[in-house]
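Participant: Residue numbers (the numbering used here), protein chains in the order written: chain B, 1 to 363; chain F, 364 to 726.
Could you have a look at this structure, given as structure tokens, before my questions?
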């Protein structure tokens with residue numbers, strides 16, 4: 001077991017910030033050190049707040065701390081629920097000099113982050129992610145937002161936090177299904193950018209599922225390093241950052257059609273990555289063995305590898321047309337040239353896309 | 364009569380943009396030149412759309428143009444109505460490569476601007492302001508947002524447009540009350556930064572009210588020049604930009620307490636500027652003659668010079684405590700050291716503020 005603390009820097013000029021990773025860091029002085037504001041609003045949800053809110057409030061010492069507790073789940077990630085955060089900030093009388101602390105998983109981080117982006121046109125934000133998915137992905141990089149009834153993350157902002165504090169101890173209370181969902185994003189980093197990390201994951205997937213502390217610490221650190229590199233190269237997703245969406249164009253369509261919250265985001269990404277692998281193989285970009293290695297790892301992480309059979313190809317294609325990567329009416333997909341090497345492309349034939357989806361739905 | 368077209372540049376590095384001012388510029392090639400996107404959403408309101416929407420759509424030539432028409436008035440500047448703009452964009456299938464055109468006054472500009480800031484985390488925006496207030500103030504500088512039930516412009520973003528197209532011909536259809544409300548912001552520029560312009564306004568206020576073309580063109584150009592200087596010096600209001608809020612801290616409290624839409628924004632700013640003048644005089648910063656010159660010009664513009672008598676001092680002070688300029692719990696006010704020279708200050712005694720408000724309410 002390690003109790004070392006790692007710091008990764010996201011290099012974004014005047015918007016640079018540290019990611020602090022380690023056991024127990026929400027119980028030590030990290031909160032005090034990284035939050036300078038006197039007025040703090042902690043945003044959390046009904047599941048996380050009973051476990052960690054008191055600890056965070058105590059860690060903030062002698063400040064004015066208010067909290068807003070949201071219902072738990074992607075189904076509540078909308079403008080109406082967002083408004084409860086604004087209500088809390090205004091009722092507390094908080095001004096532009098306050099700080100929002102996002103204590104929870106990806107939904108809490110995205111909503112608290114967008115609230116911080118928009119309240120009085122922008123206040124400080126510190127992310128304290130409590131799910132594996134939020135720790136390795138959504139808390140890092142400044143994407144915030146809410147869903148629209150007709151599309152995921154359609155309304156939002158780029159708003160970088162002052163710091164991301166990743167306490168690896170909180171994973172002990174994470175549901176097994178949530179752990180697997182987080183592993184989907186971890187595996188994604190191997191697919192898009194690091195074949196060596198992919199091989200490491202093949203060797204350590206069982207240890208990760210058993211919450212081996214060292215294995216989790218390594219997986220989180222390497223995931224955050226890759227995300228930090230990609231975000232520093234392309235903060236606002238004009239280019240390489242889109243690669244982080246590997247599996248997500250298919251996945252978002254599944255999530256939307258199933259109704260947010262029925263499939264976890266990471267589960268939809270798991271199935272979506274299998275579809276992207278299959279399509280990469282159909283285009284002759286990767287061989288059958290690479291495809292099978294990919295699908296096998298996703299399966300071993302206890303993630304779905306196929307789309308829900310109740311959906312239709314036409315439904316999925318229609319939803320994919322609303323993806324944020326669409327340009328001049330053309331869907332753009334992230335596909336693999338090899339494990340460890342992703343590309344964004346609009347150069348595919350529609351019938352290959354349709355065959356891929358048909359095949360993923362085939363019962 | 365002039366038909367010269369003036370261009371003022373807002374210098375914000377990669378976010379720089381032109382303000383084009385002139386008669387008939389929404390009927391010439393300016394729209395085509397400044398909007399490169401194939402997909403365009405025009406946001407307007409029930410009052411402006413019947414007058415100018417067709418002209419704008421025709422001017423956009425061979426593109427996919429959709430429109431969303433909002434109800435008219437500050438009372439509708441909220442998250443619920445904002446969502447109608449998102450609905451329109453998603454139903455149209457618009458991606459990140461679309462452009463939002465704001466065709467209307469300050470409310471339309473602020474809402475369409477915030478929708479452009481947040482849709483898919485940011486799309487292009489072109490402002491086509493149709494009220495004097497929007498032409499000289501709200502369309503320039505990138506402030507966007509909506510009101511919260513408990514405070515004005517509490518939710519929003521800084522999102523600079525690609526261009527601001529000011530067609531001075533559209534002022535022929537503006538209601539007289541709206542013209543006066545716009546003059547409040549014009550007069551504000553004289554107070555905060557340009558004593559010579561203030562003197563010019565004293566000489567030309569009647570011509571402006573009679574819509575003299577040359578006088579309006581000069582007033583709009585000089586107002587935009589001052590705004591451009593201030594915004595370029597301080598895009599995100601960390602310093603000098605706050606001076607543009609002269610009269611607004613008092614004014615926002617009046618607007619909120621009267622219910623948005625009962626007093627026009629510019630009317631509340633007129634009364635608010637009189638209160639700021641009175642307080643500047645009570646602090647010994649300006650003399651009685653300067654104060655009277657200021658109040659007299661506001662009165663000649665047919666703007667209110669006093670707060671509504673049904674309000675109480677305690678109500679106004681409570682609302683002022685929610686102003687976005689509050690820092691460490693301390694209200695900060697914009698006051699005058701002289702006509703043409705404003706300062707931001709938290710250095711005032713509470714009883715002077717109370718006396719100022721009491722005196723403005725005194726029936």
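All C-beta atoms, glycine included, are put in the ideal place defined by N, C-alpha and C.
Predicted model only: the values in this text are computed from it and were never measured.
For residue 18 of chain B, report the span of its beta strand (DSSP E) as first-last.
Facilitator: Sequence index remark: in the first chain, residue 18 of chain B carries index 18 (1-based). Counted as a single uninterrupted DSSP element, the beta strand (DSSP E) harbouring residue 18 of chain B occupies residues 17-22.
Participant: Tell me which residues of the segment 513-547 of chain F have at least one Cβ-Cβ distance to chain B shorter than 7 Å, keeping chain order.
Facilitator: From the segment 513-547 of chain F, only 513, 514, 517, 518, 519, 520 and 521 have a Cβ closer than 7 Å to chain B.
Participant: Pick from B:86, B:91, B:301 and B:336: whose alpha carbon is nearest that of residue 291 of chain B?
Facilitator: If you number the first chain from 1, residue 291 of chain B lands on position 291. Looking at the Cα atoms, B:336 is the closest of the given residues.
Participant: Which bits of chain F does residue 38 of chain B rub up against, with CB to CB less than 9 Å?
Facilitator: For the purposes of this step, residue 38 of chain B is taken as the residue at position 38 of the first chain. Under the 9 Å cutoff, chain F gives 691 and 692.
Participant: Assuming contact is defined by CB atoms lying nearer than 9 Å, are residue 129 of chain B and residue 104 of chain B in contact in what I supplied?
Facilitator: The residue labelled residue 129 of chain B in the question sits at position 129 within the first chain. The residue labelled residue 104 of chain B in the question sits at position 104 within the first chain. Contact: yes.
Participant: Pick helix, strand or coil for residue 364 of chain F, following the three-state DSSP scheme.
Facilitator: For the purposes of this step, residue 364 of chain F is identified with residue 1 of the second chain, where counting begins at 1. Unreliable placement is indicated for residue 364 of chain F, whose pLDDT of 42 sits below 50; the coordinate value is still reported in the next sentence. In the structure shown, residue 364 of chain F sits in coil (DSSP, three-state: anything other than H, G, I, E or B).
Participant: Three Cβ pairs or more, each shorter than 8 Å: is that satisfied between the segment 429-440 of chain F and the segment 570-588 of chain F?
Facilitator: no
Participant: With 9 Å as the threshold, decide whether the Cβ of residue 684 of chain F is near any Cβ in chain B.
Facilitator: Taking the second chain and counting its residues from 1, one reaches residue 684 of chain F at position 321. Among the CB atoms of chain B, one or more fall inside 9 Å of the CB of residue 684 of chain F.
Participant: In the DSSP output, which residue or residues are listed as bridge partners for residue 530 of chain F?
Facilitator: The residue labelled residue 530 of chain F in the question sits at position 167 within the second chain. F:385.
Participant: What whole-angstrom Cβ distance do residue 724 of chain F and residue 676 of chain F have, given they're in contact under 8 Å?
Facilitator: Your numbering for residue 724 of chain F matches position 361 in the second chain. Your numbering for residue 676 of chain F matches position 313 in the second chain. Confirmed, about 7 Å.
Participant: Do you know offhand how far residue 318 of chain B's Cα is from residue 151 of chain B's?
Facilitator: Against the first chain, residue 318 of chain B aligns to sequence position 318. Against the first chain, residue 151 of chain B aligns to sequence position 151. Approximately 11 Å, taken between the alpha carbons.
Participant: Is the segment 108-119 of chain B close to the segment 36-52 of chain B, with three or more CB pairs under 8 Å?
Facilitator: Segments in contact, yes.
Participant: Using CA atoms only, rank isn't needed, just tell me which of B:237, B:235, B:233 and B:244 is closest to residue 223 of chain B.
Facilitator: Residue 223 of chain B sits at position 223 when you count from the first residue of the first chain. Comparing Cα-Cα distances from residue 223 of chain B to each of B:237, B:235, B:233 and B:244, the minimum goes to B:244.
Participant: May I ask which residues mark the beginning and end of the beta strand (DSSP E) holding residue 702 of chain F?
Facilitator: Along the second chain, one-based indexing puts residue 702 of chain F at 339. For residue 702 of chain F, there is no enclosing beta strand (DSSP E), as DSSP gives it neither H nor E.
Participant: So that I know if they touch, is there some Cβ in chain F lying closer than 9 Å to that of residue 77 of chain B?
Facilitator: Mapped onto the first chain, residue 77 of chain B falls at position 77. No - not a single Cβ of chain F is within 9 Å of the one on residue 77 of chain B.
Participant: Measure the C-alpha to C-alpha separation of residue 252 of chain B and residue 320 of chain B and round it to an integer number of angstroms.
Facilitator: Residue 252 of chain B sits at position 252 when you count from the first residue of the first chain. Residue 320 of chain B sits at position 320 when you count from the first residue of the first chain. Their Cα atoms are separated by approximately 8 Å.
Participant: Considering only their Cβ atoms, is the gap separating residue 341 of chain B from residue 226 of chain B smaller than 9 Å?
Facilitator: In the first chain, residue 226 of chain B corresponds to position 226, counting from 1. In the first chain, residue 341 of chain B corresponds to position 341, counting from 1. For residue 226 of chain B and residue 341 of chain B, no; Cβs fall outside 9 Å.
Participant: Using DSSP with H/G/I as helix, E/B as strand and the rest coil, what is residue 158 of chain B?
Facilitator: Counting from 1 along the first chain, the entry for residue 158 of chain B is found at position 158. If DSSP states are grouped into helix, strand and coil, residue 158 of chain B belongs with the strands.
Participant: Can a CB atom of chain B be found closer than 9 Å to the CB of residue 660 of chain F?
Facilitator: The sequence position of residue 660 of chain F within the second chain is 297, counting from 1. Interface criterion not met: the Cβ of residue 660 of chain F is under 9 Å from no Cβ in chain B.
Participant: Determine whether the beta carbon atoms of residue 121 of chain B and residue 669 of chain F lie at a separation below 9 Å.
Facilitator: Here the question's residue 121 of chain B lines up with position 121 in the first chain. Here the question's residue 669 of chain F lines up with position 306 in the second chain. No, Cβ-Cβ distance for residue 121 of chain B and residue 669 of chain F is not below 9 Å.
Participant: Which residues, in order along the segment 101-121 of chain B, keep a beta-carbon less than 9 Å from a beta-carbon of chain F?
Facilitator: 114, 115, 117, 118, 119, 120 and 121
Participant: Starting from the beta carbon of residue 609 of chain F, find every residue of chain B whose beta carbon is closer than 8 Å, and list them in chain order.
Facilitator: Translated into positions along the second chain, residue 609 of chain F becomes position 246. Near residue 609 of chain F there are no residues of chain B at all, since even the closest Cβ is about 19 Å away, more than 8 Å.
Participant: What residues in the segment 426-455 of chain F have a beta carbon less than 7 Å from any beta carbon of chain B?
Facilitator: 442, 446, 449 and 453
Participant: Whose Cβ in chain F lies nearer than 7 Å to the Cβ of residue 96 of chain B?
Facilitator: Working through the first chain from its first residue, we reach residue 96 of chain B at position 96. 687, listed in chain order.
Participant: Just the chain F side, please: which residues come within less than 7 Å of residue 145 of chain B by C-beta, in chain order?
Facilitator: In the first chain, residue 145 of chain B corresponds to position 145, counting from 1. The contacting residues are 484.
Participant: List the residues of chain B whose Cβ lies closer than 7 Å to the Cβ of residue 511 of chain F, in chain order.
Facilitator: Position 148 of the second chain, counted from the start, is the residue given in the question as residue 511 of chain F. Neighbours of residue 511 of chain F on chain B, chain order: 86 and 90.
Participant: Given a cut-off of 9 Å on the beta-carbon distance, is the pair residue 134 of chain B and residue 124 of chain B in contact?
Facilitator: For the purposes of this step, residue 134 of chain B is taken as residue 134 along the first chain, with counting starting at 1. For the purposes of this step, residue 124 of chain B is taken as residue 124 along the first chain, with counting starting at 1. Cβ distance not < 9 Å, so residue 134 of chain B and residue 124 of chain B don't count as in contact.
Participant: Can you give me the C-alpha to C-alpha distance between residue 285 of chain B and residue 234 of chain B, rounded to a whole angstrom?
Facilitator: By 1-based counting over the first chain, the position of residue 285 of chain B is 285. By 1-based counting over the first chain, the position of residue 234 of chain B is 234. If you take the alpha carbons of residue 285 of chain B and residue 234 of chain B, they lie about 25 Å apart.
Participant: Secondary structure at residue 709 of chain F, three-state DSSP: helix, strand or coil?
Facilitator: As a working note, residue 709 of chain F is residue 346 in the second chain. Coil, per DSSP.
Participant: Report the start-end ranges of each alpha helix (DSSP H) in the segment 167-213 of chain B that is 4 residues or longer and not cut off at the edges.
Facilitator: 176-193 and 195-209
Participant: Ordered along the chain, which non-local residues of its own chain (more than five positions away) have a Cβ less than 6 Å from that of residue 686 of chain F?
Facilitator: Residue 686 of chain F sits at position 323 when you count from the first residue of the second chain. The residues are 612.
Participant: Taking residue 326 of chain B as part of the beta strand (DSSP E), name the residues at either end of that continuous run.
Facilitator: Position 326 of the first chain, counted from the start, is the residue given in the question as residue 326 of chain B. Counting along the chain, residue 326 of chain B falls outside any beta strand (DSSP E), and DSSP gives it neither H nor E.
Participant: Let me see if you follow: with CB-CB separation under 9 Å, is residue 236 of chain B close to chain F or not?
Facilitator: As a position in the first chain, residue 236 of chain B is number 236, starting the count at 1. Taking Cβ atoms only, chain F reaches closer than 9 Å to residue 236 of chain B, which makes this a yes.
Participant: Look at the alpha carbon of residue 549 of chain F and the alpha carbon of residue 386 of chain F, and state the distance between them as a whole number of angstroms.
Facilitator: Working through the second chain from its first residue, we reach residue 549 of chain F at position 186. Working through the second chain from its first residue, we reach residue 386 of chain F at position 23. Rounded to the nearest whole angstrom, the CA to CA distance from residue 549 of chain F to residue 386 of chain F is 19 Å.
Participant: Can you tell me where the alpha helix (DSSP H) holding residue 444 of chain F begins and where it ends?
Facilitator: Within the second chain, the letter at position 81 stands for residue 444 of chain F. Unbroken alpha helix (DSSP H) run through residue 444 of chain F: 442-454.
Participant: Specify the secondary structure class of residue 308 of chain B as computed by DSSP and reduced to three states.
Facilitator: Numbered from its first residue, the first chain carries residue 308 of chain B at position 308. If DSSP states are grouped into helix, strand and coil, residue 308 of chain B belongs with coil.
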